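Protein chains in written order, with this note's numbering: chain E, 57 to 669; chain F, 3 to 447. All C-beta atoms, glycine included, are put in the ideal place defined by N, C-alpha and C. All values reported here derive from a predicted model rather than from experimental measurement. Reading through the structure tokens given below for one structure.
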Amino acid sequence: MAKNFDYEKLGFKCGLEIHQRLSTKHKLFCECLANFFNDKQVQKIERRQRAVAGELGKIDKATSFESKKNRFFNYQVFERSSCLVDIDEEPPHIPNIEAIRNSLSICTSFNCEVPDEVQVMRKGVVDGSDPSAFQRTMLVGYDGKIIVENKNIPVTTIFLEEESSGIVKNTEEYVEYSLDRLGIPLIEIDTDPVIKTPQEAKRVSMEIGLLLRLTNTAQRGIGSIRQDVNISIKNGSRVEIKGFQELDSMDQIIDSEIERQLSLTDIISELEERNAKVGHAVNITDIFNNTKATLIANQIKQNGVVIAAKLIGFKGIIGKELTNDLRLGTELSDYAKSSGVKGIIHSDENMDKYGITKKELDDISKKLELGKNDAFIIIAEKKDKAEYGMELALERARVAMVEVPSETRGADSKKLNTRFLRPMPGKSRMYPETDILPIEMNQILKEFKPEKTNVESIKKTLKDEIKNQQLAEQMLWSKDLQLYRKIINSVDVSPTVVSSILLEKTKELRRSGVEIEKLNEETYLEIFKEYANGSIVKTAIGEIMSLVPKNPDDVHKIINDKSLHRIKGKELEKIIKSFDTQDKAKLLKDVMSKYRMNIEGEELNSLINKKGS
Amino acid sequence: MYSDKLEMLFKKSKIEIGDQIKVNNKGKALEGILMPRPELGDNNIVVIKLSNGYNIGIKIEEKSTIEKLAEHTKEEFSFPKIKNIENLKNSNKISLLYTGGTIGSKVDYVTGGVYMLTKPEELLHEVPELKNIANIEVKNLMSIASEDISYLEWQKIADSTADALNAGSTGVVITHGTDTMHYTSAALSFMLKDISGPVVLTGAQRSSDRGSSDAFMNLICSANVAANSNIKQVGICMHATHSDDYCNFIKGTKARKMHTSSRDAFKSINSMVLAKAYQNGKVEVLEKNKDVEKTKKKTIANTKFEPKIALVVSYPDSDPGILQYYNKKGFKGVIIEGTGLGHTPVSTTHKEYNWLSSIKDATSSGMVIGITSQCINGRVNGNVYRNGRLMQEMGAIYCEDMLPEVAYVKLGFLLGNHNKKDTEKLLPVNIAGEITEKTDMNSDE
Numbered sequence: 057m058a059k060n061f062d063y064e065k066l067g068f069k070c071g072l073e074i075h076q077r078l079s080t081k082h083k084l085f086c087e088c089l090a091n092f093f094n095d096k097q098v099q100k101i102e103r104r105q106r107a108v109a110g111e112l113g114k115i116d117k118a119t120s121f122e123s124k125k126n127r128f129f130n131y132q133v134f135e136r137s138s139c140l141v142d143i144d145e146e147p148p149h150i151p152n153i154e155a156i157r158n159s160l161s162i163c164t165s166f167n168c169e170v171p172d173e174v175q176v177m178r179k180g181v182v183d184g185s186d187p188s189a190f191q192r193t194m195l196v197g198y199d200g201k202i203i204v205e206n207k208n209i210p211v212t213t214i215f216l217e218e219e220s221s222g223i224v225k226n227t228e229e230y231v232e233y234s235l236d237r238l239g240i241p242l243i244e245i246d247t248d249p250v251i252k253t254p255q256e257a258k259r260v261s262m263e264i265g266l267l268l269r270l271t272n273t274a275q276r277g278i279g280s281i282r283q284d285v286n287i288s289i290k291n292g293s294r295v296e297i298k299g300f301q302e303l304d305s306m307d308q309i310i311d312s313e314i315e316r317q318l319s320l321t322d323i324i325s326e327l328e329e330r331n332a333k334v335g336h337a338v339n340i341t342d343i344f345n346n347t348k349a350t351l352i353a354n355q356i357k358q359n360g361v362v363i364a365a366k367l368i369g370f371k372g373i374i375g376k377e378l379t380n381d382l383r384l385g386t387e388l389s390d391y392a393k394s395s396g397v398k399g400i401i402h403s404d405e406n407m408d409k410y411g412i413t414k415k416e417l418d419d420i421s422k423k424l425e426l427g428k429n430d431a432f433i434i435i436a437e438k439k440d441k442a443e444y445g446m447e448l449a450l451e452r453a454r455v456a457m458v459e460v461p462s463e464t465r466g467a468d469s470k471k472l473n474t475r476f477l478r479p480m481p482g483k484s485r486m487y488p489e490t491d492i493l494p495i496e497m498n499q500i501l502k503e504f505k506p507e508k509t510n511v512e513s514i515k516k517t518l519k520d521e522i523k524n525q526q527l528a529e530q531m532l533w534s535k536d537l538q539l540y541r542k543i544i545n546s547v548d549v550s551p552t553v554v555s556s557i558l559l560e561k562t563k564e565l566r567r568s569g570v571e572i573e574k575l576n577e578e579t580y581l582e583i584f585k586e587y588a589n590g591s592i593v594k595t596a597i598g599e600i601m602s603l604v605p606k607n608p609d610d611v612h613k614i615i616n617d618k619s620l621h622r623i624k625g626k627e628l629e630k631i632i633k634s635f636d637t638q639d640k641a642k643l644l645k646d647v648m649s650k651y652r653m654n655i656e657g658e659e660l661n662s663l664i665n666k667k668g669s
Numbered sequence: 003m004y005s006d007k008l009e010m011l012f013k014k015s016k017i018e019i020g021d022q023i024k025v026n027n028k029g030k031a032l033e034g035i036l037m038p039r040p041e042l043g044d045n046n047i048v049v050i051k052l053s054n055g056y057n058i059g060i061k062i063e064e065k066s067t068i069e070k071l072a073e074h075t076k077e078e079f080s081f082p083k084i085k086n087i088e089n090l091k092n093s094n095k096i097s098l099l100y101t102g103g104t105i106g107s108k109v110d111y112v113t114g115g116v117y118m119l120t121k122p123e124e125l126l127h128e129v130p131e132l133k134n135i136a137n138i139e140v141k142n143l144m145s146i147a148s149e150d151i152s153y154l155e156w157q158k159i160a161d162s163t164a165d166a167l168n169a170g171s172t173g174v175v176i177t178h179g180t181d182t183m184h185y186t187s188a189a190l191s192f193m194l195k196d197i198s199g200p201v202v203l204t205g206a207q208r209s210s211d212r213g214s215s216d217a218f219m220n221l222i223c224s225a226n227v228a229a230n231s232n233i234k235q236v237g238i239c240m241h242a243t244h245s246d247d248y249c250n251f252i253k254g255t256k257a258r259k260m261h262t263s264s265r266d267a268f269k270s271i272n273s274m275v276l277a278k279a280y281q282n283g284k285v286e287v288l289e290k291n292k293d294v295e296k297t298k299k300k301t302i303a304n305t306k307f308e309p310k311i312a313l314v315v316s317y318p319d320s321d322p323g324i325l326q327y328y329n330k331k332g333f334k335g336v337i338i339e340g341t342g343l344g345h346t347p348v349s350t351t352h353k354e355y356n357w358l359s360s361i362k363d364a365t366s367s368g369m370v371i372g373i374t375s376q377c378i379n380g381r382v383n384g385n386v387y388r389n390g391r392l393m394q395e396m397g398a399i400y401c402e403d404m405l406p407e408v409a410y411v412k413l414g415f416l417l418g419n420h421n422k423k424d425t426e427k428l429l430p431v432n433i434a435g436e437i438t439e440k441t442d443m444n445s446d447e
């Protein structure tokens with residue numbers, strides 16, 4: 057689904073923000089466990105938040121936008137992975153030194169400068185994801201770089217910050233969060249907007265992820281790394297896209313965003329030509345007093361109102377597809393939804409699907425005095441909500457005549473497009489965390505020498521160790537690299553065998569339905585130890601791996617129960633003799649087919665050949 | 003403050019705090035706004051705010067240079083000037099007396115801590131809901147942290163409260179630092195007589211410059227209590243739980259800060275709460291508090307107070323010499339926070355830790371000695387154990403279920419108005435809700 061854009065001509069610019077959770081024992085500002093997601097919930101609390109003036113006195117646009125939604129927040133409190141600090145009932149403790157040291161290793165690996173002193177800042181967030189209404193964050197590195205395909209990608213800044221809480225439920229009245237995740241140390245890596253194509257964005261994301269993984273400081277598992285992409289094009293606007301579920305579709309989603317902006321740019325000139333105007337909200341509830349349109353009828357029954365507004369010259373434009381399954385109507389609706397309304401109805405839609413009759417349409421047309429090129433939008437809801445929702449939708453419509461708005465958008469990996477989340481946040485969201493003294497990094501660096509991770513040298517080591525070069529490259533990118541290194545370091549076994557088992561055998565077993573994720577590090581080590589000391593043959597490794605998930609007994613028991621011991625030397629000769637044939641090829645085949653799990657092919661081969669000579 | 007060396011450097015380049023500067027250090031250049039140096043840490047480290055909003059510190063070396071790029075751009079935000087928030091829908095008028103504390107504090111870039119607001123309008127600006135509750139008259143009494151408040155401030159607050167009520171306010175809300183709020187609430191309970199409307203102290207455990215501050219709900223609920231509850235008492239109105247769901251209005255002589263940082267820090271001790279106040283305006287008044295006098299009397303402030311009083315704690319190996327110390331300094335009375343039912347060390351192995359003779363010396367030389375308990379919950383009783391009986395014999399007064407801090411404030415109030423004999427008589431007798439005849443089973447709900 058490549059769109060084949062000429063990115064250079066479009067003035068495409070792209071920078072990345074990569075967020076990676078660190079693997080530390082404790083959270084960043086308290087002693088709660090930082091990687092404990094099966095904890096027991098002990099309480100639930102309810103909170104409200106509001107926009108307050110920041111350091112410079114201004115209330116940030118994005119902040120007050122969220123706060124106007126007027127929802128409350130529920131927080132699930134856990135036994136071992138949350139505490140009073142998490143629920144903003146206790147000042148933060150001193151910053152976690154393990155996290156700071158890890159962040160310093162990451163800074164070194166990305167060639168960053170480290171400030172002599174670091175001030176922890178509060179970054180305002182009013183979507184409720186932090187009970188304190190701000191996220192604690194600090195700049196730990198600047199002016200670094202990473203080289204990707206021989207191109208220098210400047211790493212502008214590296215931040216160490218608190219992870220937000222995980223969203224559990226999102227309703228009209230409230231959002232529920234779980235606090236086990238809140239406050240886990242999180243590293244943010246920002247690049248300069250020097251990325252020239254969506255494909256390059258994907259490549260750089262992968263390389264940054266790889267380097268982070270190779271520092272051995274990163275937490276693993278679903279959600280432990282997230283990518284945000286900042287993009288802009290010449291006639292469009294700067295947009296931040298959040299929430300990429302996987303890297304695979306990143307380029308396609310960016311392409312879709314480019315297409316969206318281009319379509320919106322076209323709409324600007326079209327609306328200008330049509331001399332478009334945005335009308336004002338009108339109460340049209342009386343038109344629907346006896347309506348069959350269930351959606352509207354239900355709202356009226358619950359004392360709601362129906363309000364409408366005329367969009368002069370917008371006919372056909374609201375319903376036109378901007379990009380993959382996304383219309384201007386979707387954008388108006390997404391803005392309106394921020395007020396808590398469920399959505400809007402617009403005149404470019406098929407009214408039959410709502411059950412709105414021709415008569416009702418005519419009445420609307422009369423009441424709004426619609427012209428040939430005019431469109432309308434309707435919201436049915438409680439009065440306050442409907443009015444505010446309409447205000448937001450109309451504001452979005454007004455903007456559509458002038459520019460592509462600067463927004464934070466969410467990536468939709470199914471529809472391969474982006475959806476409006478909130479306006480782009482400004483700078484006034486930052487102010488110092490007054491409960492924590494500045495951190496003297498130069499003092500920490502006197503006692504701790506951060507280790508620089510070099511991808512090239514790790515790659516070279518792997519290529520030296522693993523005979524199969526393709527496997528070596530795969531091992532570098534594998535999430536099991538750490539496991540590989542551990543096995544190689546503690547067991548005297550061929551790296552090629554280990555890598556082929558970890559990369560290929562696991563894949564094969566997974567395909568055949570084996571729950572390979574249930575194998576832990578100790579099991580792997582045990583199996584390879586048995587192999588290294590000659591108790592089992594290579595073929596048996598896979599067999600044992602396939603048995604472990606269903607037989608949680610130890611590896612020895614599986615070997616005994618399933619008779620997986622290696623047969624060699626005299627014993628093997630005896631077996632060969634018992635096969636009554638002189639045909640070497642047949643002998644090899646017969647013995648092997650019977651003792652596949654117990655015999656090393658090479659040994660059998662040499663014994664058979666010796667016998668014949 | 004920056005080091006002299008840096009200050010000189012700034013002066014030479016005419017650089018002031020807030021200016022846009024460029025620091026060249028170790029071959030790297032960084033631009034940002036020069037921020038004030040926190041009191042702590044290396045004062046040769048320059049703190050700048052980068053354009054992304056982050057503050058970082060750069061150590062200035064011999065070879066570093068600093069240049070000024072631009073003057074401080076004044077981007078100050080001025081809150082709308084609000085003297086009184088008028089709302090014609092409301093016939094009720096309440097007064098908001100502002101005394102300082104976290105509820106009215108902002109970030110201080112000089113100390114790195116929080117500082118007190120001087121303009122209460124800022125607070126009202128952030129809580130516009132208040133204007134729907136009543137017409138609010140704001141008075142800025144003082145702007146100090148509650149740990150700095152003394153009996154002089156209690157007197158001032160009491161006078162202003164009486165003035166406000168007598169000038170027609172339905173109720174009074176007093177914003178106050180939380181640390182000693184329960185001392186002030188006790189003081190007002192004793193000093194104010196014939197109170198004509200609710201006197202509601204409130205504060206915040208989280209400063210109101212953050213979106214999660216408890217200040218907003220505390221203010222809204224307090225204003226509701228002041229405007230609508232008709233409970234003619236002094237009390238503290240703050241969060242009841244960790245949630246932003248409702249506040250407890252706690253009797254001024256029964257409230258105590260029981261947590262250093264949590265928003266539900268104030269608990270009602272040895273007594274039920276007076277009322278529960280919700281954000282939506284609902285005030286659930288406890289049955290026995292509903293029966294309030296209809297006639298409106300003139301509120302009287304009797305602020306006489308004897309400051310030469312002390313509160314001391316006894317504990318294993320505590321030195322009773324502390325009583326002699328206060329005696330010598332001319333103190334008129336001491337409240338002892340004893341152990342358990344109200345005990346001090348008496349039959350100790352080491353004679354010097356026996357408090358009996360010190361208590362006797364104190365009482366016979368004219369001091370009043372009151373006994374409370376560090377258990378906080380429950381009632382003292384000097385009759386159960388021999389040690390308690392001996393202490394009573396030496397003239398110590400057992401203060402029933404009175405909180406130590408409340409007993410301390412009451413002692414000052416009594417001594418300001420009465421002689422030793424009457425003070426001793428009145429100390430264990432209820433005058434402002436500080437002593438209950440029966441101890442409620444559940445004090446919190």
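Item	Value
Between I84(F) and chain E, is the shortest Cβ-Cβ distance under 7 Å, so that the two count as touching?	Only weak support is given to the placement of I84(F): the predicted model assigns it a pLDDT of 45, under 50, and the question is left unresolved by the model.
Please compile the residues from chain F whose C-beta is within a distance smaller than 8 Å of the C-beta of P241(E).	The contacting residues do not exist; P241(E) stays about 17 Å from chain F at best.
Just to confirm the assignment, what range does the beta strand (DSSP E) spanning N498(E) have?	Segment M497 to E503 is the alpha helix (DSSP H) holding N498(E); no beta strand (DSSP E) there.
In the DSSP assignment, what are the bridge partners of Q275(E)?	Paired residues: none, contrary to the question.
Within 10 angstroms of its Cβ, does H352(F) collect 16 or more other Cβ (buried), or is it exposed?	exposed
What does DSSP give as the partner residues of I68(F) in its beta bridges?	V25(F)
List in chain order: all unbroken beta strand (DSSP E) runs of 3+ residues lying wholly within the segment 311–356 of chain F.	311–315 and 335–340
Does any residue of chain F have a CB that is nearer than 7 Å to the CB of I356(E)?	no
Less than 7 Å separating the beta-carbons of A431(E) and K371(E)?	yes
Kindly give me the distance between the Cβ atoms of N250(F) and S270(F), rounded to whole angstroms, as I take these residues to be in contact under 8 Å.	7 Å
From the beta carbon of G55(F), is the nearest beta carbon of chain E less than 7 Å away?	yes
With which residues is R316(E) paired in a DSSP beta bridge?	The partner list for R316(E) (beta bridge, DSSP) is empty, contrary to what the question assumes.
Is the segment 241–261 of chain E touching the segment 134–149 of chain E in the sense that three or more CB pairs, one from each, lie closer than 8 Å?	no
For chain F, check one thing: does any of its Cβ atoms lie closer than 7 Å to the Cβ of E146(E)?	yes
Can you tell me the Cα-Cα spacing of L132(F) and A228(F), whole angstroms?	11 Å
Using a 10 Å radius around the Cβ and a threshold of 16 neighbouring Cβ atoms, would you call I230(F) buried or exposed?	The question names Ile, yet the displayed sequence has Asn at residue 230(F). Label assigned to N230(F): buried.
Nearest by alpha-carbon distance to R454(E): which of E577(E), E578(E) and L327(E) is it?	L327(E)
Do L493(E) and L42(F) have their beta-carbon atoms positioned less than 7 Å apart in this structure?	yes
Kindly indicate if chain A contains any beta-carbon less than 7 Å away from that of M177(E).	Looking at the structure shown, chain A is missing, and the protein chains on hand are E and F.
Hey, is the segment 444–452 of chain E in contact with the segment 384–402 of chain E, meaning 3+ C-beta pairs nearer than 8 Å?	yes
In terms of alpha-carbon separation, which member of V287(F), Q281(F) and H244(F) lies closest to F268(F)?	H244(F)
Among residues of its own chain, excluding the 5 on either side of R237(E), which ones have a beta-carbon nearer than 6 Å to its beta-carbon?	E219, S221 and G222
Determine the direct distance from the alpha carbon of D418(E) to that of F79(F), and round the result to whole angstroms.	Its pLDDT being 45, under 50, F79(F) is placed unreliably by the model, and the measurement read from it follows with that caveat. Computed Cα separation, rounded: 50 Å.
In terms of alpha-carbon separation, which member of E425(E), V285(E), E205(E) and N291(E) lies closest to G299(E)?	V285(E)
Which residues in the same chain as Q235(F) place their Cβ atom closer than 8 Å to its Cβ, once the five residues preceding and following it in sequence are excluded?	S191, I197, P200, V201, K253, G254, L276, N291 and G435
Label N673(E) either buried or exposed according to how many other C-beta atoms from any shown protein chain fall within 10 Å of its C-beta, with 16 as the threshold for buried.	Limits of chain E in this structure are 57 at one end and 669 at the other, which puts residue 673(E) out of reach.
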